[in-house]
Structure formats: structure tokens, C-alpha cells
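Report on the structure given below.
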Amino acid sequence: MAKLYFNYSSMNAGKSTVLLQASYNYVERGMRTLLLTAAVDDRAGVGRISSRIGLVAEADIFRAGDNLLDHIRKAHEAAPIDAVFVDEAQFLTEDQVWQLAHASDRLGMPVMCFGLRTDFQGKLFPGSKALLALADSLKEIKTICWCGRKATMVARLDGSGRIVEEGEQVVIGGEESYVSLCRRHWVDRDLGPRCD
Ligand SMILES: [Zn+2]
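What follows is the structure, given as C-alpha cells:
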């Protein structure tokens, strides 16, 4: 269906795995997909989407000023696209979310966005805020806290594994890591029994 989808999750819920699997389902049937990811994500080098279980695919990158409707239209004119997949969708601007909505409505293709709902301080990312407002379909990709409850929150850890309370929404190239927690343990800053 030519809809705008937002599949949101906490960290480490396997959203890139779900994205790559869904894209593969199209490719396997002889259809063409366009993959996009944020330039700020350099986990696998710019222009690649990779999952923790080893799946990797080439992707076009987007930056804050890019017009994604133009980008998708150009690619679609070169060779028809059956579906668009956007990883790290939390980094989209509100304008870009509208551009993706227009791509879906005017070019008649499904646009499936995958991203984090909130940052380490429990606040919506700009892209996620716009997608929660505009998407036709919202779906949560679930993961669990160490206690077994659904993990809806993200904590940022510094290089020595301590929870960080302050800082920029996005840190590039630092030593921090992220862990998903249920709301109760996020509020209590309780990382649970750790093996390290
Ligand atoms: Zn918990």
C-alpha cells in the first residue's frame, strides 16, 4: 500500500534487521527498493545499513538540507521504485517527513521509516515527532529491559559504563553506548545485574 509508515523502537530492538528483511522481500519478488539512511550514522561507513546479526545493504544518505521528494522522484524516473525504506528516521527534519509523505501520495509508493522514538533524556527526536504526527501507520518494534518488561526508554552510557544525564541529543564518534530500559528502571537509573 502507498502509505507512510513509521516503525519505531528503542535502541537495539533490531529495527535495521526488520528493515533489511522487508526490503529483501521486495527484491526477492523482482521489485526495486530505494534505501536511505542518515549521514550521521557512521556505524557501517556512510551509505550502508547494517544490522547486528550481519545483514548489510548499500543505501543513499540524507542530510538535513536534502529534498527527499526530489531524490526519490529522480531515482524513480531512472528506474521505477516499488518501495522506499528509511533507516535512522529520527534524524529527518519535519520538512523531510512531509517530502516522504508527498512521495508516498504523489508517486504512489509505500515509504517505510524506521527510527528511535525518544532520545536518552526521554524526549522525541524531531523526525520521530513529525512521523508520529503524519504517518498513516505506526508500529512499535519491541525489545525488553533486563527485568523482562518492555523497554521503551534509552539510557546513554559513558566510556566507563555510567549513565549520562546531560548532553547533546546526538553525539558523533564518542565513546558512549546505549542501553534500552523499561520506564521504571530508566527513572531509577537501574542498569540491573551486570556481567561486566
Ligand atoms: Zn526494567
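For the sequence shown, our numbering begins at 1 and goes up steadily by one.
We treat Cβ as the ideally placed atom computed from N, Cα and C, and that holds for glycine.
Note that the coordinates shown come from a computational prediction; the quantities given were computed from them, not determined experimentally.
Using the beta-carbon of each residue, find all residues closer than 5 Å to any heavy atom of ligand 2 and list them in chain order. As far as ligands go, the structure on display features ligand 1 and does not contain ligand 2.
Tell me the DSSP secondary structure of Lys139 in three-state form. For the purposes of this step, residue 139 is identified with residue 139 of the sequence shown, where counting begins at 1. In the structure shown, Lys139 sits in a strand (DSSP, three-state: E or B).
Once the 5 residues before and after Arg73 are set aside, which same chain residues still bring their CB inside 8 Å of it? What you label residue 73 is simply residue 73 of the sequence shown in a count that begins at 1. Here the set comprises Ala103 and Leu107.
Report the three-state DSSP secondary structure of Pro152 (helix, strand or coil). Taking the sequence shown and counting its residues from 1, one reaches residue 152 at position 152. According to the sequence shown, residue 152 is Thr rather than Pro. Coil.
Out of Lys150, Glu176, Ile144 and Tyr26, state which residue places its alpha-carbon closest to the alpha-carbon of Gly161. Here residue 161 corresponds to residue number 161 of the sequence shown, with the count starting at 1. In terms of Cα proximity to Gly161, the closest of Lys150, Glu176, Ile144 and Tyr26 is Glu176.
Buried or exposed (CB count within 10 angstroms, at least 16 for buried), Lys142: Position 142 of the sequence shown, counting from 1, holds the residue named residue 142. The residue is exposed, with fewer than 16 neighbouring Cβ atoms inside 10 Å.
Residue of Glu77, Ser50 and Ile163 minimising C-alpha distance to His185: Indexing the sequence shown from 1 puts residue 185 at position 185. Measuring from the Cα of His185, the nearest candidate turns out to be Ile163.
Please classify Ile172 as buried or exposed, where buried requires at least 16 other C-beta atoms within 10 Å of its C-beta. Within the sequence shown, residue 172 is the residue found at index 172, counting from 1. Result: exposed.
Hey, how far is the Cα of Met153 from the Cα of Thr17? One-based indexing of the sequence shown puts residue 153 at position 153. One-based indexing of the sequence shown puts residue 17 at position 17. Rounded to whole angstroms, Met153 to Thr17 spans 20 Å at the Cα level.
Does the distance from the C-beta atom of Leu116 to that of Gln90 stay below 7 Å? Start at 1 with the first residue of the sequence shown, and residue 116 comes out as number 116. Start at 1 with the first residue of the sequence shown, and residue 90 comes out as number 90. Going by C-beta atoms, Leu116 is nearer than 7 Å to Gln90.
Is Glu28 buried or exposed, if buried means 16 or more other CB atoms sit within 10 Å of its CB? As a first step, residue 28 must be located in the sequence shown, where it is residue number 28. When all chains shown are included, Glu28 counts as exposed.
Proximity winner among Tyr5, Ser50 and Gly30, relative to Ala79 (alpha-carbon distances): Mapped onto the sequence shown, residue 79 falls at position 79. Residue Gly30 is the option with its Cα nearest to Ala79.
The alpha helix (DSSP H) that contains Ile198, what's its start and end? A question about residue 198 goes unanswered here, because the residues of the chain that appear run from 1 up to 196.
Three-state secondary structure assigned by DSSP to Ile81: Sequence index remark: in the sequence shown, residue 81 carries index 81 (1-based). In the structure shown, Ile81 falls within a coil segment according to DSSP collapsed to helix, strand and coil.
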